[in-house]
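Student: Taken in order, the sequence shown gives residues 7 to 323; the numbers are from the working numbering.
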Amino acid sequence: MTAPPGDFADRPGSPAGTRDESADPAALGLDLGGRTDDLLSELLRSARLSGERIVAYAPPAAFSIGFAGVGSLHIVEEGELVLRVDNDPDPRHLTRGDVVLLPRGDGHRLCDTGRTAGAPARWLCGTFAIGDPQASHLLRSLPAVIVLRDVSGPALEGLEVARKMLVVEMRSPSQGSAVMVARILDLVFIQILRLWAAGPDAEPNWLAGALDPQTGPALSAIHRHPGRDWAVEDLARACNLSRSAFAERFAAQVGTPPATYLALVRLDTAADLLRTTSLPVALIARNVGYTSEAAFSRAFKNRYGVPPARWRQSARP
Numbered sequence: 007m008t009a010p011p012g013d014f015a016d017r018p019g020s021p022a023g024t025r026d027e028s029a030d031p032a033a034l035g036l037d038l039g040g041r042t043d044d045l046l047s048e049l050l051r052s053a054r055l056s057g058e059r060i061v062a063y064a065p066p067a068a069f070s071i072g073f074a075g076v077g078s079l080h081i082v083e084e085g086e087l088v089l090r091v092d093n094d095p096d097p098r099h100l101t102r103g104d105v106v107l108l109p110r111g112d113g114h115r116l117c118d119t120g121r122t123a124g125a126p127a128r129w130l131c132g133t134f135a136i137g138d139p140q141a142s143h144l145l146r147s148l149p150a151v152i153v154l155r156d157v158s159g160p161a162l163e164g165l166e167v168a169r170k171m172l173v174v175e176m177r178s179p180s181q182g183s184a185v186m187v188a189r190i191l192d193l194v195f196i197q198i199l200r201l202w203a204a205g206p207d208a209e210p211n212w213l214a215g216a217l218d219p220q221t222g223p224a225l226s227a228i229h230r231h232p233g234r235d236w237a238v239e240d241l242a243r244a245c246n247l248s249r250s251a252f253a254e255r256f257a258a259q260v261g262t263p264p265a266t267y268l269a270l271v272r273l274d275t276a277a278d279l280l281r282t283t284s285l286p287v288a289l290i291a292r293n294v295g296y297t298s299e300a301a302f303s304r305a306f307k308n309r310y311g312v313p314p315a316r317w318r319q320s321a322r323p
């Protein structure tokens with residue numbers, strides 16, 4: 007188990023140069039009952055993900071269809087398929103009822119099984135516009151592919167309702183159908199992530215931390231105020247845990263110590279500001295918690311391979 011960190015070593019500091027020792031959870035907009043104000047939606051928005059369109063596939067035999075550059079959702083309605091993901095030597099065999107999500111936009115192909123017996127393959131494919139996985143640890147830390155099989159209970163009912171609504175909008179499009187499809191795809195994406203995070207195959211991840219009432223308040227505080235000079239004690243207090251219990255729980259759920267996660271969020275926030283604003287690099291550095299532009303530039307280059315100004319030039323359209 008990851009050992010709890012001693013403190014935030016080499017903290018870049020806060021814009022004001024001081025730290026609020028009280029770290030009042032209520033002042034941070036946190037629910038003291040252990041719940042966050044829809045943190046998952048906030049995180050997905052920061053990953054710049056949104057549903058786009060839905061297409062029905064029913065190809066003839068001996069097919070191989072490629073997908074790349076977009077987040078993809080596949081719902082197998084009939085028959086069998088083989089999923090091959092780029093840079094993954096192991097194919098996945100899919101059958102009726104399987105739901106597949108590729109949240110990072112990894113290239114992949116859906117192919118026939120090579121067998122002539124059985125029902126022809128038929129599936130729905132939804133696509134998502136996504137942010138740059140390399141610029142967001144939220145996307146990059148998700149698995150390349152999530153496969154849900156044998157979903158039952160309320161989760162199955164919810165996915166089936168969404169599937170039927172997508173089919174209706176696809177077969178009988180009318181005014182507003184594009185928005186309807188986009189919103190339904192967003193809902194399905196979130197539901198799949200929830201089911202995966204609660205399942206046995208999920209690894210420690212920001213998603214598990216966001217859904218955990220004992221670590222969710224800390225993630226919410228970090229994402230809403232990345233420039234604050236956080237200490238482990240502050241975040242532990244927001245979660246109503248002792249310092250040691252919080253550090254251990256956070257590392258177990260999220261997969262990294264709090265200090266490491268805070269550094270990732272700060273640099274993600276800085277990358278977004280570099281891409282979407284014209285703020286000077288020095289001001290962005292202060293906004294995300296660095297009192298030294300030089301320290302910020304070193305950290306940014308270590309993460310992205312180039313200094314902030316050069317990254318900004320390449321990231322903008």
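Beta carbons are placed, not taken as given, at the ideal position from N, Cα and C, and that holds for glycine. Since the model is a prediction, treat every value here as computed from it, not as a measurement.
Are alanine 135 and glutamate 58 touching if we call contact CB-CB under 9 angstroms?
Tutor: Counting from one through the sequence shown, the residue named residue 135 turns up at place 129. Counting from one through the sequence shown, the residue named residue 58 turns up at place 52. Going by C-beta atoms, alanine 135 is nearer than 9 angstroms to glutamate 58.
Student: Secondary structure at valine 194, three-state DSSP: helix, strand or coil?
Tutor: Numbered from 1 along the sequence shown, position 188 holds the residue referred to as residue 194. Three-state DSSP puts valine 194 in a helix.
Student: Mind checking which residues open and close the beta strand (DSSP E) that includes glycine 72?
Tutor: Sequence index remark: in the sequence shown, residue 72 carries index 66 (1-based). Counting along the chain, the beta strand (DSSP E) containing glycine 72 begins and ends at 70-73.
Student: Taking all protein chains shown into account, decide if arginine 309 is buried (16 or more other Cβ within 10 angstroms of its Cβ) or exposed.
Tutor: Reading the sequence shown from its first residue, position 303 is the one you call residue 309. Per the 10 Å Cβ criterion, buried.
Student: Three Cβ pairs or more, each shorter than 8 angstroms: is that satisfied between the segment 148-167 and the segment 108-118?
Tutor: Enough Cβ pairs lie closer than 8 angstroms, so yes.
Student: Between which two residues does the alpha helix (DSSP H) harbouring alanine 62 extend?
Tutor: Sequence index remark: in the sequence shown, residue 62 carries index 56 (1-based). Careful: alanine 62 lies outside any alpha helix (DSSP H), inside the beta strand (DSSP E) at 56-63.
Student: Taking a contact to mean a Cβ-Cβ separation below 9 angstroms, would you say leucine 247 touches glutamine 220 in this structure?
Tutor: As a working mapping, residue 247 is identified with position 241 in the sequence shown. As a working mapping, residue 220 is identified with position 214 in the sequence shown. Yes, the Cβ-Cβ distance between leucine 247 and glutamine 220 is below 9 angstroms.
Student: Evaluate valine 105 with the Cβ neighbour count: other Cβ atoms within 10 Å of its Cβ, from every protein chain shown; 16 or more gives buried, anything less gives exposed.
Tutor: The residue labelled residue 105 in the question sits at position 99 within the sequence shown. Under this definition valine 105 is a buried residue.
Student: Among residues of its own chain, excluding the 5 on either side of threonine 262, which ones have a beta-carbon nearer than 7 angstroms to its beta-carbon?
Tutor: Sequence index remark: in the sequence shown, residue 262 carries index 256 (1-based). Excluding residues within five positions, none has a Cβ falling inside 7 angstroms.
Student: Please return the same chain residues whose Cβ sits closer than 8 angstroms to the Cβ of valine 260, not counting the five positions on each side in sequence.
Tutor: Numbered from 1 along the sequence shown, position 254 holds the residue referred to as residue 260. Correct list, in chain order: Pro210, Asn211, Trp212, Ala214, Gly215, Thr221, Leu225 and Tyr267.
Student: Please go through the segment 120-156 and give each complete beta strand (DSSP E) segment of 3 or more residues, from N-terminal end onward.
Tutor: Runs of the beta strand (DSSP E) inside the segment 120-156: 128-135 and 152-154.
Student: Which term fits arginine 243, buried or exposed, when burial requires 16 or more other beta carbons within 10 angstroms of its beta carbon?
Tutor: For the purposes of this step, residue 243 is taken as the residue at position 237 of the sequence shown. Answer is buried; the Cβ neighbour count reaches 16.
Student: On the CB-based measure, 16 or more other CB atoms within 10 Å of its CB, does threonine 133 come out buried or exposed?
Tutor: Taking the first residue of the sequence shown as 1, we reach residue 133 at position 127. Threonine 133 should be labelled buried.
Student: Please tell me whether, using a cut-off of 8 angstroms, the distance from the CB of arginine 304 to the nearest non-hydrogen atom of the ligand HEM is below it.
Tutor: What this structure holds is no ligand at all, so the ligand HEM is not there to describe.
Student: Which residues in the same chain have their Cβ closer than 8 angstroms to the Cβ of alanine 67, if we skip the five residues on either side of it in sequence?
Tutor: On the sequence shown, residue 67 is found 61 positions in, with the first residue counted as 1. Cβ neighbours of alanine 67 beyond the five flanking positions: Asp118, Thr122 and Pro126.
Student: I need the straight-line Cα distance from glycine 311 to tryptophan 317, nearest angstrom please.
Tutor: For the purposes of this step, residue 311 is taken as residue 305 along the sequence shown, with counting starting at 1. For the purposes of this step, residue 317 is taken as residue 311 along the sequence shown, with counting starting at 1. Those two C-alpha atoms are separated by around 9 angstroms.
Student: May I have a chain-ordered list of the alpha helix (DSSP H) segments no shorter than 4 residues that lie completely inside the segment 68-120?
Tutor: Runs found: none.
Student: Do you know offhand how far glycine 124's Cα is from arginine 90's?
Tutor: Position 118 of the sequence shown holds residue 124. Position 84 of the sequence shown holds residue 90. Glycine 124 and arginine 90: Cα-Cα distance of roughly 21 angstroms.
Student: Give me the Cβ distance between serine 129 and valine 82, rounded to the nearest whole Å; I'm assuming they're in contact under 8 angstroms.
Tutor: Sequence index remark: in the sequence shown, residue 129 carries index 123 (1-based). Sequence index remark: in the sequence shown, residue 82 carries index 76 (1-based). Looking at the sequence provided, one finds tryptophan at residue 129 rather than serine. Their Cβ separation, rounded to whole angstroms, is 5 angstroms, which keeps tryptophan 129 and valine 82 in contact under 8 angstroms.
Student: In whole angstroms, what separates the C-alpha of aspartate 218 from that of proline 65?
Tutor: Locating residue 218 in the sequence shown gives position 212, where the first residue counts as 1. Locating residue 65 in the sequence shown gives position 59, where the first residue counts as 1. About 42 angstroms.
Student: So, are the CB atoms of alanine 74 and histidine 99 less than 9 angstroms apart?
Tutor: The residue labelled residue 74 in the question sits at position 68 within the sequence shown. The residue labelled residue 99 in the question sits at position 93 within the sequence shown. In this structure, histidine 99 does not lie closer than 9 angstroms to alanine 74 by Cβ.
Student: In chain order, what residues of the same chain lie with their CB nearer than 6 angstroms to the CB of serine 183, ignoring the 5 residues before and after it?
Tutor: Translated into positions along the sequence shown, residue 183 becomes position 177. Answer for serine 183: Glu175, listed in chain order.
Student: If you draw a straight line from the C-alpha of lysine 307 to the C-alpha of alanine 277, how long is it?
Tutor: Looking up residue 307 in the sequence shown gives position 301. Looking up residue 277 in the sequence shown gives position 271. Taking the straight line joining both Cα atoms gives about 11 angstroms.
Student: If you draw a straight line from the alpha carbon of arginine 255 to that of serine 70, how long is it in whole angstroms?
Tutor: The count along the sequence shown starts at 1 and reaches residue 255 at position 249. The count along the sequence shown starts at 1 and reaches residue 70 at position 64. Each residue's alpha carbon lies about 44 angstroms from the other.
Student: Can you find the residues in the same chain that come closer than 6 angstroms, C-beta to C-beta, to serine 28, ignoring five residues on each side of it along the sequence?
Tutor: Counting from one through the sequence shown, the residue named residue 28 turns up at place 22. Low per-residue confidence applies at serine 28: pLDDT is 39, beneath 50, and the placement is therefore not dependable enough to give any value.
Student: Threonine 42 to leucine 241, Cα distance in whole Å?
Tutor: Taking the first residue of the sequence shown as position 1, residue 42 is located at position 36. Taking the first residue of the sequence shown as position 1, residue 241 is located at position 235. In this prediction, threonine 42 scores a pLDDT of 40, lower than 50, which makes its location untrustworthy; the coordinate-derived value is nonetheless stated afterwards. C-alpha separation (whole angstroms): 14 angstroms.
Student: Would serine 78 pass as a contact of aspartate 192 if the rule is Cβ separation under 9 angstroms?
Tutor: On the sequence shown, residue 78 is found 72 positions in, with the first residue counted as 1. On the sequence shown, residue 192 is found 186 positions in, with the first residue counted as 1. Contact: no.
Student: Between alanine 301 and leucine 279, what straight-line distance do the alpha-carbon atoms span, to the nearest angstrom?
Tutor: As a working note, residue 301 is residue 295 in the sequence shown. As a working note, residue 279 is residue 273 in the sequence shown. Rounded to the nearest angstrom, the two C-alpha atoms are 17 angstroms apart.
Student: Sort Cys245, Ile228 and Leu87 by Cα distance to glycine 295 and report the nearest one.
Tutor: Looking up residue 295 in the sequence shown gives position 289. Comparing Cα positions, the closest option is Ile228.
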